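Comments concern the structure below.
Numbering (the UniProt record's numbering), first residue to last: 1 to 105.
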């Protein structure tokens, strides 16, 4: 079992890192993604390409959601506006905390 270091958390989104293997985990509601540090940096770059106001689309429940397709084309995230902003905050905080912990090693 991994010893987990919490890097950032906001509402339904959490990013943590295993202290042994350095795997990063993004938990959002019932989804869990795992990344290497390089993959996580790429994920951040991808999320920075989107803006909610420009990229959100209406869903059948009449709510606007931003859809971000994952590399596995069968899987995509659909974020409501607050969830999208929470994700952006959590990713930025996690990247910063990684730098802090790396500097402390």
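Every residue gets a Cβ at the ideal spot worked out from N, C-alpha and C, and that includes glycine. In this text, all values refer to a predicted model and were calculated from it rather than measured experimentally.
Alpha carbon to alpha carbon, how far is residue i from residue j?
i          : j           : result
residue 93 : residue 87  : 10 Å
residue 80 : residue 28  : 12 Å
residue 95 : residue 46  : 14 Å
residue 7  : residue 77  : 21 Å
residue 32 : residue 53  : 26 Å
residue 84 : residue 102 : 27 Å
residue 70 : residue 2   : 25 Å
residue 73 : residue 67  : 12 Å
Taking residue i as the reference, which of the options has the closest Cα?
i          : options            : result
residue 51 : 41, 65, 18 and 59  : 65
residue 41 : 99, 69, 104 and 21 : 99
Who are residue i's beta bridge partners in DSSP?
i          : result
residue 14 : 9 and 27
residue 78 : 67
residue 34 : 25
Could you give the C-beta distance for residue i and residue j, rounded to a whole number, given that I count them as a contact under 8 Å?
i          : j          : result
residue 37 : residue 25 : With a Cβ gap of about 12 Å, residue 37 and residue 25 do not count as contacting.
residue 4  : residue 21 : 11 Å between Cβ atoms; not a contact.
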